[in-house]
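The block underneath contains the structure these notes are about, expressed in structure tokens.
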């Protein structure tokens with residue numbers, strides 16, 4: 001799973017994270033001071049205090065989150081840059097380019113799902 005987020009209101013994000021930190025009654029004072037400082041300096045840190053990867057998938061049937069990692073980088077968005085094309089095969093979306101008719105969509109199983117059945121361990125990309 002890969003998520004690309006645009007932070008539209010850094011002040012709101014930072015403020016919400018600071019509120020969450022202030023409300024955490026189990027956080028030691030020294031850790032709280034460090035957390036406040038980190039959140040004020042970096043929006044990614046603020047986001048990390050607000051988003052729990054386990055909560056994102058807790059209600060998804062058949063899914064057990066074994067491990068989650070967090071990394072971020074601040075970059076400028078350029079919609080014309082190929083790096084921002086999140087579709088692995090953008091040139092072949094399974095549709096006929098002329099009419100957009102989904103009858104041309106690949107359907108190898110013949111069940112209307114549009115492709116091969118996923119094997120155990122297959123990765124999924126969320127866009």
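Residue numbers (the UniProt record's numbering): 1 to 127. Beta carbons: idealized from backbone N, C-alpha and C, even for Gly.
*Could you spell out the range, first to last residue, of the alpha helix (DSSP H) harbouring residue 21?*
From DSSP, the alpha helix (DSSP H) with residue 21 extends over 10-23.
*asked:* With H, G and I counted as helix, E and B as strand and the rest as coil, what does DSSP make of residue 26?
replied: coil
_Is the beta carbon of residue 50 closer than 9 Å to that of residue 17?_
Yes.
*Note the first and the last residue of the continuous alpha helix (DSSP H) segment covering residue 50.*
43-50
*Decide if the stretch 35-52 is in contact with the stretch 2-18; the criterion is three or more beta carbon pairs, one per stretch, under 8 Å apart.*
yes
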